[in-house]
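In our numbering, the protein residues as written are 1075 to 1428.
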């Protein structure tokens, strides 16, 4: 019935005001339909062969579905639950539920942009170091995004546990994660058209599978950049304190090198064993992790920058080389930073040393 009335309205608009108005009216109708959750006629879109048929996710449409699921995360954009995918022999999935609130139209618009960004990127990207979107379900009052569950959680959580001494994360595991993130960045920067800028690369947005393979996730803030462009000017602020490139803070300039800066901070955190927000850096002369790292690296004892838990093995020279990569990636001038392909080649050279 909704579809019938839609075409009637389009026809009347075209007859009264002309053909072009009718087309515009149709586009506006579809946009409003999307913003309001797609209406009762909306449904499921599957992006992966892991989900064999629509019925596998039919349980998500039940009114009391989430009451019986375990919530494993919560943030500004929604809640994340885990569940077993029916008929998959125990395959676990992560389900992000994003509730749309009509009362706050600005927030609803922001959420819709993030949902659409996820669909446009990880709904179609396929790389072993990118967490793919398996399915999207549009409902009257919410949207649901389905992913594979990464049982080892986020890099942020694992590094935090390692810092507290409740989990071991040796250098070989950290290096493998760093190489995976570098490979994922190279894919979205160099092997995808249009190129994609993640905009919020940080340890919390790197998930780890059973084999500790890194998966870049959360593309809700991502921007596509035309192949002919060297940069774009953002219309909105985004990112996380400590990981944002200086040129974005000053002039809202975005490029591949913005992600490279964030990657450099992530690398530094993995070797130093501390995050940019750590109180440790607030008490230093530099009051900043990156400036502190630079100064230590040119001091008489650069090993002071290495996480003490990683010391005493044969990989100390490799860790110093990775810190040098981090210094290159976090240079203030984006033109002086290496691109993702060069970064990956740098890691290849370190691998050959082992």
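All C-beta atoms in this analysis are idealised placements derived from N, C-alpha and C, irrespective of residue type, glycine included.
Output needed for residue i: all residues of its chain with C-beta closer than 6 angstroms, excluding positions within five of it in sequence on either side, in chain order.
| i | result |
| --- | --- |
| residue 1327 | 1305 and 1321 |
| residue 1197 | 1121 and 1207 |
| residue 1347 | 1237 and 1381 |
| residue 1283 | 1224 |
| residue 1189 | 1217 |
Ignore the nearest five residues each way along the sequence and tell me which others in residue i's own chain have a CB closer than 7 angstroms to its CB.
| i | result |
| --- | --- |
| residue 1401 | 1367, 1368 and 1371 |
| residue 1360 | 1366 and 1369 |
| residue 1314 | 1274 and 1276 |
| residue 1393 | 1245, 1345, 1380 and 1384 |
| residue 1192 | 1207, 1219, 1293 and 1294 |
| residue 1387 | 1245 |
Can you tell me where the beta strand (DSSP E) with residue i in it begins and where it stops?
| i | result |
| --- | --- |
| residue 1169 | 1166-1173 |
| residue 1152 | 1152-1158 |
| residue 1298 | 1297-1299 |
Would you mind sorting residue i into buried or exposed? The rule is 16 or more other CB atoms within 10 Å of its CB.
| i | result |
| --- | --- |
| residue 1212 | buried |
| residue 1241 | exposed |
| residue 1097 | In this prediction, residue 1097 scores a pLDDT of 42, lower than 50, which makes its location untrustworthy; no coordinate-derived value is stated. |
| residue 1246 | exposed |
| residue 1404 | buried |
| residue 1133 | exposed |
| residue 1146 | exposed |
| residue 1311 | exposed |
| residue 1260 | buried |
| residue 1285 | exposed |
| residue 1419 | exposed |
| residue 1117 | exposed |
By Cβ distance below 8 angstroms, which residues in the same chain neighbour residue i in space, the five residues on each side in sequence not counted?
| i | result |
| --- | --- |
| residue 1124 | 1159, 1162, 1165, 1208 and 1222 |
| residue 1413 | 1263, 1264, 1330, 1331 and 1334 |
| residue 1184 | none |
| residue 1354 | 1348 |
| residue 1299 | 1268, 1269, 1270, 1271, 1305, 1306, 1328, 1329 and 1330 |
| residue 1139 | 1133 |
| residue 1156 | 1143, 1144, 1146, 1166, 1167, 1168, 1169 and 1223 |
| residue 1409 | 1331 |
Please name the residue or residues paired with residue i in a DSSP beta bridge.
| i | result |
| --- | --- |
| residue 1288 | 1282 |
| residue 1306 | 1328 |
| residue 1271 | 1297 |
Considering just the uninterrupted stretch of the alpha helix (DSSP H) at residue i, what are its terminal residues?
| i | result |
| --- | --- |
| residue 1330 | 1330-1346 |
| residue 1356 | 1353-1356 |
| residue 1363 | 1363-1371 |
| residue 1390 | 1390-1403 |
Practice prompt. Write down every uninterrupted run of the alpha helix (DSSP H) in the stretch 1189-1266 whose length is 4 residues or greater and which is fully enclosed by it, in chain order.
Written response: 1229-1238 and 1245-1264
Worksheet item: Of all the alpha helix (DSSP H) runs that stay within the bounds of the stretch 1118-1148, which reach a length of 4 or more residues?
Response: none
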